[in-house]
Structures are given as C-alpha cells and as structure tokens.
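*Asks:* Those protein sequence lines, which keep their order, are chains A and B. Counting from 1, one number per residue, gives the positions in the first sequence under the UniProt record's numbering. Counting from 1, one number per residue, gives the positions in the second sequence under the UniProt record's numbering. Ideal Cβ positions, reconstructed from N, Cα and C, are used throughout, including at glycine. Computed from a predicted model, the values in this text were never measured in an experiment. Below is one structure. I have some questions about it.
Protein chains: 2
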Amino acid sequence: MFTVLTLFKEVYYMKNNYHKENLKENILILTVKIIKEEGYQSVSVRKIANHLDVSPTAIYRHYNSLEELFTQAIVSVSHEFTNLLKTSLKGCQISPTQEIATVGVCFVNYATTSKNEFDFLFLSNYSLKNVSLNHKSDYPLILFMDSIINQAIKENNFKYSKEILFNQLWCFIFGYAVLVSKKQIELNEELIDATVKSFLTR
Amino acid sequence: MFTVLTLFKEVYYMKNNYHKENLKENILILTVKIIKEEGYQSVSVRKIANHLDVSPTAIYRHYNSLEELFTQAIVSVSHEFTNLLKTSLKGCQISPTQEIATVGVCFVNYATTSKNEFDFLFLSNYSLKNVSLNHKSDYPLILFMDSIINQAIKENNFKYSKEILFNQLWCFIFGYAVLVSKKQIELNEELIDATVKSFLTR
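Quick look at the structure:
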C-alpha cells in the first residue's frame, strides 16, 4: 500500500508539475494560434481555458489580464515577423537603401497574406504605443529597422534627423500596407523604391 | 359623410405620401447619425427601422441592402469631410504646396477628432475601392485632391507621374493619420510640411 501511495503521489506530482510548467507557455502558444487563424478579436480567456481544459482561474494565475497576455503575444508575433523580414534580405547583394525598399515590399505583402497578424500588430489597441527610434526598445522590429536605417544613412551621407526619416518611412510604408490590404490601391514595387530613395537623397 | 370620407382619404394620402417622400432621406440621415455617434459597426436595418417606427421591409423598399445604404452614406460623409478640408484653406494666403501640407494636417486631425467617420471612410469594407486619380470619379474628396495637386505640380514644375505623386502623398498622409489616431506616433506639422516638399521638389 505504501509503495502504491508513493507511486500515486509521485505521478500526481509529476502530472501537476508538468501542467504547471507548461501551462503558461501553452496559453501563449494557443493565443497566438487563435490570433493567426481567427483574429485577435476572437481570443477570450474562456476560449483558452476550454481548449486547454483548465479553469479561467488557472489562466489568470499566469496572466493578470487579457491585456498582459496580448502584450506577450505582440512580442512573439513581432519576433516571427522580424525573422520574415530578415529572411527577405538573406542572400541578396543589395545596397542598404535597396534593403529598406525590399523590407518595405515585404511589409506591404505581409498586410495582405497575414492580415490577422498585421491587424493585431499594427491596428489593434494592443499595438506598441509610441513607436520611435528614440525610445530605447527591445521590440525586435524596431531594432532591426534601426540597424538597416543606420546603414542607409551612412551610404547616402544623409544629414537630417534620423527620427524624422524613420517617421517618414514608417508612415509611408504603413499607409501603403493598409491601403493595399484594404484593396484601395495596388502594390507597385517601383513606387516603394522611388519613395525610399526620395526620402534618403535630399 | 361623403365630405368626411374625402377629408379622411386626403389626410391619409398626404400622411402616407409625406412618409414615402421623406423616408429614403430620413433613413440616410439616421444612418449617418449612428455612424458618427456609435460607429458604422452599430448600424443595422432593424435599428433604423425601430428608430423610424417602420418595418424592415419599408427600409428595403428604398435600399436593396445595408451595403447600398452604406455606399450612399460614404458619399454623404465624404462630402462633409471635403467641405471641412476646403474650409481649412479658406482665407489662407499660401502656396499650393503649402495647401497640400495644410490639408494633410487637417486630415491627420480628423482621424483623431472624428474617429468614427474616419474609420468608416477609410478603414471599413465600405471604403471606396481603387482610389486613384486615373479613374474618373465623382468622389468629392478625390476631385478636391486632384485640383490642389494640379496647382502644386504647376508651381514646382514637377515632371514625374501625377499618379505616383498622388499615391505617395496619399499613403504617407493616410499612414500618418492612422498611426496618430492609434497613438503610435505624435502629430508633428513640420514633418508633414517637409515630406510634402520632398515629394514635390525632386
């Protein structure tokens, strides 16, 4: 009896511990999955709890609120997106200015092919506030943009404010991406090329 | 009895006719009101019918679908918005290039102060598709933009494609407006000035 009870306790402990250790991660993985497949508006604590077969209270033990969960999901989705942008440059022998244009085209395409992720990252209430190169940020997308903009600034002997350049590029590419995804204008890669060049060579 | 019946018939006819004549207009006015106060997502045929004390069928007699009603509402709201933009230029002794920048600032402010109208005009499924100066359009906003862009092109001896210039301005100002309304960046009028100039003087 003693042995069986010990064994039972051990298994119970392992199962519980396993659950505890992975639940936080599993909540985040499932949240990102729902965001991608159905859109961030479809995520709810009840839905996550049902899917993972736990109580809503168990969810709140790991994330104080849906907002805290979304904040983690933003980091995760933007990390994936940054890797996609980096991949678009891999193996390309192009100038830093051309790199910005290539990333711009990739960004516009992402708004159409990954609409749910794009809406969550850039058009939801959970999007990063005050996007700026001046704020120290560990948002991987900003760090990546900062690094390619720095190289393009060197290449073009650009003498004006980096922050203004960043905002110009950011507003233009973001506006382009939203308008293409809403089918209000069509993607024209040469237009992106020409605009990036006009910002960098004044 | 004959006189009373005639009178009754006349009053009934007048009332009915009054209703008929104004219902189409009243449906549109109410739709625009709900869009402004609650957002376009709150509009439904049932809600309009309840407010106007008619049956949903009476609504469908004038508008085949909610989409047809929204298409009319887009014209109405964009007309008001265009008048607002025109007013922002009234009495200003400024150059055509400066006019574009002023309209740009007004546009960005509108996205914040009239968020519901902005979302309906530019971020909904009912927004005008394929916005372009090439397409003959009676969308008053496009006609107005076309006229001030033509003047700025003359002023700057601009030699490149008008369509490309329009898309550059449109994507930049639209992106700026959405990012400011989502509190992702702050409005900086000088940045809009500098960007409009950089597009026009190459």
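Is it the case that the Cβ atoms of B:A152 and B:L200 are separated by a distance below 7 Å?
*Replies:* yes
*Asks:* Between the C-alpha atoms of A:Q168 and A:E68, what's the straight-line distance to the nearest angstrom?
*Replies:* 31 Å
*Asks:* I want to verify the contact list: residues of chain B whose CB lies under 8 Å from the CB of A:S42, in sequence order.
*Replies:* Result: empty, since nearest Cβ-Cβ is about 16 Å, beyond 8 Å.
*Asks:* Alpha carbon to alpha carbon, how far is A:A194 from A:T102?
*Replies:* 12 Å
*Asks:* For B:N17, name the three-state secondary structure that DSSP assigns.
*Replies:* The predicted position of B:N17 is uncertain, since its pLDDT is 48 and thus under 50; no value can be drawn from it.
*Asks:* Run down chain A in chain order and give the residues with a C-beta less than 9 Å from the C-beta of B:I164.
*Replies:* N188, E190, L191, A194 and T195
*Asks:* So which residues on chain A does B:F174 lean against when the C-beta distance must stay under 8 Å?
*Replies:* G175, V178 and L179
*Asks:* Leaving out the 5 sequence neighbours to the left and right, which residues in its chain are closer than 8 Å to A:L30 when beta-carbon positions are compared?
*Replies:* I48, H51 and L52
*Asks:* Buried or exposed for A:T97, going by 16 or more other Cβ atoms inside 10 Å?
*Replies:* buried
*Asks:* Do B:K182 and B:E117 have their CB atoms nearer than 7 Å?
*Replies:* Contact: no.
*Asks:* Could you give the C-beta distance for residue 267 of chain A and A:F144, rounded to a whole number, given that I count them as a contact under 8 Å?
*Replies:* The requested residue 267 of chain A does not occur in the structure, where chain A is confined to residues 1 to 202.
*Asks:* Can you list, in chain order, the residues of its chain with a C-beta nearer than 7 Å to that of A:Q72? Leave out the 5 residues immediately preceding and following it.
*Replies:* L28
*Asks:* If you draw a straight line from the alpha carbon of B:V54 to that of B:N64, how long is it in whole angstroms?
*Replies:* Near 16 Å, if we compare the C-alpha coordinates of B:N64 and B:V54.
*Asks:* On the criterion of 16 or more Cβ atoms from any shown chain inside 10 Å, does B:I59 qualify as buried, or is it exposed?
*Replies:* buried
*Asks:* Excluding the five sequence neighbours on either side, which residues of its own chain have a C-beta within less than 8 Å of the C-beta of A:I149, listed in chain order?
*Replies:* Result list for A:I149: I100, L133, K162, L165, F166 and L169, in chain order.
*Asks:* Where do the N-terminal and C-terminal ends of the alpha helix (DSSP H) with A:Y176 fall, by residue?
*Replies:* Unbroken alpha helix (DSSP H) run through A:Y176: K162 to S181.
*Asks:* Taking only beta-carbon atoms, is B:N50 less than 7 Å away from chain A?
*Replies:* no
*Asks:* Given this structure, state the Cα-to-Cα distance separating B:E189 from B:R61, to the nearest angstrom.
*Replies:* In a straight line, the C-alpha of B:E189 is about 47 Å away from that of B:R61.
*Asks:* Which chain B residues are close to A:C171, counting only those with a beta carbon under 7 Å from its beta carbon?
*Replies:* The answer, in chain order, is F172, G175, Y176 and L179.
*Asks:* Which residues, in chain order, does the segment 94-115 of chain A contribute to contact with chain B at a C-beta distance below 7 Å?
*Replies:* Along the segment 94-115 of chain A, none of the residues has a CB nearer than 7 Å to a CB of chain B.
*Asks:* Got a sec: is the Cβ-Cβ distance from B:N167 to anything in chain A below 7 Å?
*Replies:* So, interface residue.
*Asks:* Which stretch, first to last residue, makes up the alpha helix (DSSP H) that contains B:Q98?
*Replies:* Counting along the chain, the alpha helix (DSSP H) containing B:Q98 begins and ends at P96 to T113.
*Asks:* Less than 7 Å between CB atoms is the rule here; does A:L198 satisfy it with respect to chain B?
*Replies:* For the sequence presented, residue 198 of chain A should be read as Ser rather than Leu. Yes, contact with chain B.
*Asks:* Is B:Q184 buried or exposed, if buried means 16 or more other CB atoms sit within 10 Å of its CB?
*Replies:* Here B:Q184 is buried: its Cβ has 16 or more other Cβ atoms, across all protein chains shown, within 10 Å.
*Asks:* Leaving aside the five residues before and after A:I173 along the sequence, list all residues of the same chain whose C-beta is less than 6 Å from its C-beta, in chain order.
*Replies:* G104 and F107
*Asks:* Apart from the five residues on each side of it in sequence, which residues of its chain come closer than 8 Å, Cβ to Cβ, to B:Y160?
*Replies:* Hits under 8 Å: R202.
*Asks:* The alpha helix (DSSP H) with B:T82 in it runs from where to where?
*Replies:* L66 to L89
*Asks:* Report the neighbours of B:I127 on chain A: residues whose CB is nearer than 8 Å to its CB, in chain order.
*Replies:* The identity of residue 127 of chain B in the sequence shown is Ser, whereas the question assumes Ile. Per Cβ cutoff of 8 Å: K182 and Q184.
*Asks:* At the 7 Å Cβ level, is A:R202 part of the contact set with chain B, yes or no?
*Replies:* Closer than 7 Å: yes.
*Asks:* Determine the DSSP secondary structure at B:K159, reduced to helix, strand or coil.
*Replies:* coil
*Asks:* Let's see if you can read the secondary structure: which residues bound the alpha helix (DSSP H) around A:S198?
*Replies:* Segment E189 to L200, the alpha helix (DSSP H) holding A:S198.
*Asks:* DSSP three-state call for B:I148: helix, strand or coil?
*Replies:* DSSP places B:I148 in helix when its eight states are reduced to three.
*Asks:* Beta carbon of A:C171, beta carbon of B:G91: below 7 Å?
*Replies:* no
*Asks:* Given A:V180, which residues of its chain have a CB within under 8 Å of its CB, disregarding the five upstream and five downstream residues?
*Replies:* V108, A111, T112, E186 and L187
*Asks:* Rounding to the nearest angstrom, what Cα-Cα distance links B:I192 and B:I94 in this structure?
*Replies:* 15 Å
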